[in-house]
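Numbering that gives the first Met the number 0 puts the first residue of the sequence shown at 0, with every later residue one more than the last. All C-beta atoms, glycine included, are put in the ideal place defined by N, C-alpha and C.
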Amino acid sequence: MKELVKTDKKYQGLISLISETYLKGQQKAVAAVNTHLVDTYWNIGKYIVEFDQKGKQKAEYGKALLKLLSKDLSLKHGKGFSLSNVYLMRQFFLYRQ
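Here you go:
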């Protein structure tokens, strides 16, 4: 049975159809995750800027705030909140506001 099914053109068509559907689904999932991550990082940057500036044109705490956030968020969530990442999230918001 196995050998007969593997050589059958309809079965091979089924394998192709399932494979195409699976790969397209993976691509859509990656695109959706990337979209949500961009939105998340932009919002994190926004929160940092709004907290730091408190409605003023220029920030008061600057680097000290970013270092503290990096330390505390890394302790709470692990990877992803290095000082450079937190800085880039802030910059991303400032660039795309």
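Secondary structure at Gln96, three-state DSSP: helix, strand or coil?
Translated into the one-based positions of the sequence shown, residue 96 becomes position 97. In the structure shown, Gln96 sits in coil (DSSP, three-state: anything other than H, G, I, E or B).
Quick one: what does DSSP say Lys53 is sitting in, helix, strand or coil?
What you label residue 53 is simply residue 54 of the sequence shown in a count that begins at 1. The answer is coil: DSSP assigns Lys53 none of H, G, I, E or B.
Go to Lys75, then tell me how far its alpha helix (DSSP H) extends in each direction, as first and last residue.
Here residue 75 refers to the residue found at position 76 when the sequence shown is read from its first residue. 62-76 is the extent of the alpha helix (DSSP H) around Lys75.
Once DSSP output is grouped into helix, strand and coil, what is the label at Phe91?
Residue 91 sits at position 92 when you count from the first residue of the sequence shown. Phe91 falls in the helix class under three-state DSSP.
What is the C-beta distance between Phe91 and Trp41, in whole angstroms, given that I count them as a contact (C-beta under 8 angstroms)?
Along the sequence shown, read from residue 1 onward, the residue named residue 91 stands at position 92. Along the sequence shown, read from residue 1 onward, the residue named residue 41 stands at position 42. With 8 angstroms as the limit, Phe91 and Trp41 qualify as a contact, their Cβ atoms being about 6 angstroms apart.
Would Arg89 be called buried (16 or more neighbouring beta carbons within 10 Å of its own) or exposed?
The residue you call residue 89 lines up with position 90 of the sequence shown. Burial call: buried.
Mapping DSSP to helix, strand and coil, what is Asp38?
Taking the first residue of the sequence shown as 1, we reach residue 38 at position 39. Of the three classes helix, strand and coil, the one that applies to Asp38 here is helix, per DSSP.
Assign Ile17 to buried or exposed, taking buried as 16 or more other Cβ atoms, counted over all protein chains shown, within 10 Å of its Cβ.
By 1-based counting over the sequence shown, the position of residue 17 is 18. By the 10 Å Cβ count, Ile17 comes out exposed.
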